[in-house]
Amino acid sequence: MKWDPKQYAEFSYHRDRPFHDLTVRITAADPELVVDLGCGPGPQTHSLAKRWPAARIIGLDSSAEMIDQARSTQQAPNLSFEIAEATTWMPDPDTDVLVSNAMLQWIPNHREIMRGWLDALAPGAWFVAQVPGNFGAPSHALMRKLADSPRWAPQLSGVLRHDDAVGEPADYQRLLLAAGYETDVWETTYGQVLLGPDPVLEWVRGTALRPVLDTLDSEDAAVFESQYAELVAHAYPVFEDPIRGKMTVFPFRRIFMVGRKL
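Numbered per the working numbering, the sequence shown spans residues -17 to 244.
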């Protein structure tokens, strides 16, 4: 799937906040090797390099576009970026901290893959991850409904993930406990305020809509986006603020998991 780093970064504040809410729970004092798996364009990975300047920080992503962006914009003496496919990648046994932020939902069998990572890490190592928990929200449900409609099903059948793309918090907590980790698992719904016209469409252009845009040609993609924008406008009404203009409240549920291997 082709990613657009510029589009992804459009809502950087909202996208970065869960990462920092997640990684603040890591209490490792002096890790030597920290891996950010699914690093995207790299600013969050760079924050890890600043937090642990004596550690080797590696950002990994399957997108060449994202890695190119990270390498060109995020530099630090202890920071590097590499292309890696999460479905086949395994952590080195000397990895002290493994971070995965908003990436696992793209992998259908990610819980099975996680078990392999958890087993490979050594005692004392940290595994922390965050996934969106909003696949049942109107932003995603309406997209799937439109893709399954008679107009679009011939082209888009099976393209979008369904509402089982991620587990519930208890599923991940049991997985971590079974692998021998002490755990901290929770969920948060952020009341995100987005500005401007069609902000939900702009948001999903950077993430959930990517499989659709990869599948359709430019003309069909524009028609699909127009129809989708009309649907979500009813689900997420815009209101006018006299100072900030058009505003939309976009609730976004996130699931967090932090584990340290015993």
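Positions of the beta carbon are idealized from the N, C-alpha and C atoms, including for glycine.
On a predicted model such as this, the values are computed, not experimentally measured, just so you know.
With 16 as the cutoff for other CB atoms within 10 Å, does I8 come out buried or exposed?
Buried.
For Y210, count neighbouring C-beta atoms within 10 Å of its own C-beta (all shown protein chains included) and say buried if the count is 16 or more, exposed if not.
By the neighbour-count rule (16 or more Cβ atoms within 10 Å), Y210 is buried.
Drop a sphere of 10 angstroms on the beta-carbon of T230, count the other beta-carbons inside from all chains shown, and report buried for 16 or more, exposed for fewer.
T230 comes out buried.
Suppose only complete runs of 3+ residues qualify. What are the beta strand (DSSP E) ranges in the stretch 38 to 91, listed by chain order?
38 to 43, 61 to 65, 79 to 83, all fully within the stretch 38 to 91.
Close beta carbons around T77, own chain, < 7 Å, minus the five adjacent residues each side
Residues of the same chain with a CB within less than 7 Å of the CB of T77, apart from the 5 flanking positions on each side, are L15, V17, L103, A107 in chain order.
Is A204 helix, strand or coil when you go by DSSP?
Reduced to three states, the DSSP call for A204 is helix.
Once DSSP output is grouped into helix, strand and coil, what is the label at L103?
Judged by DSSP in its simplified three-state form, L103 adopts coil rather than helix or strand.
With a cut-off of 8 Å, do at least 3 Cβ pairs link the stretch 92 to 99 to the stretch 115 to 131?
Result no; under three Cβ-Cβ pairs closer than 8 Å.
Output yes or no for whether 8 Å exceeds the beta carbon distance between F232 and Q174.
It is a contact, given that the beta carbons lie within the stated cut-off.
From V194 to Q51, what does the alpha carbon distance come to, in whole angstroms?
Counting only the Cα atoms, Q51 lies some 23 Å from V194.
Length of the line joining the Cα atoms of S208 and E201
Cα atoms of S208 and E201: separation of roughly 11 Å, rounded to the nearest angstrom.
In angstroms, rounded to a whole number, what distance separates the CA positions of G20 and H(-4)?
Their Cα atoms are separated by approximately 17 Å.
W(-15) to D223, Cα distance in whole Å?
A caution first: W(-15) carries a pLDDT of 49, below 50, which makes its placement in the model unreliable, though a value can still be read off. W(-15) and D223: Cα-Cα distance of roughly 33 Å.
With distances taken from CA atoms, which of E164, L213, W168 is nearest A152?
It is W168.
How should G115 be labelled, buried or exposed, when 16 other C-beta atoms within 10 angstroms of its C-beta is the threshold for buried?
Answer is buried; the Cβ neighbour count reaches 16.
Please state the DSSP three-state secondary structure of R226.
DSSP places R226 in coil when its eight states are reduced to three.
Span separating the alpha-carbon of V205 from that of Q87
The straight-line gap from Cα to Cα measures roughly 27 Å.
Could you pull out every residue in the same chain whose Cβ sits closer than 7 Å to the Cβ of A147, ignoring the five residues on either side in sequence?
For A147, where only same-chain residues beyond five positions count, the Cβ hits under 7 Å are Q87, F117.
Provide the residue(s) that pair with T165 in DSSP beta bridges, ordered along the chain.
Looking at the DSSP output, T165 shares a beta bridge with G241.
Hey, how far is the Cα of W185 from the Cα of T55?
When only Cα atoms are considered, W185 and T55 end up about 22 Å apart.
What do you reckon, are the CB atoms on Q249 and L4 nearer than 8 Å?
No answer is possible for residue 249: the residues shown for the chain start at -17 and end at 244.
Between which two residues does the alpha helix (DSSP H) containing P132 stretch?
Unbroken run through P132: none, as it is neither H nor E.
In angstroms, rounded to a whole number, what distance separates the CA positions of P59 and M48?
The C-alpha of M48 is placed about 20 Å away from the C-alpha of P59.
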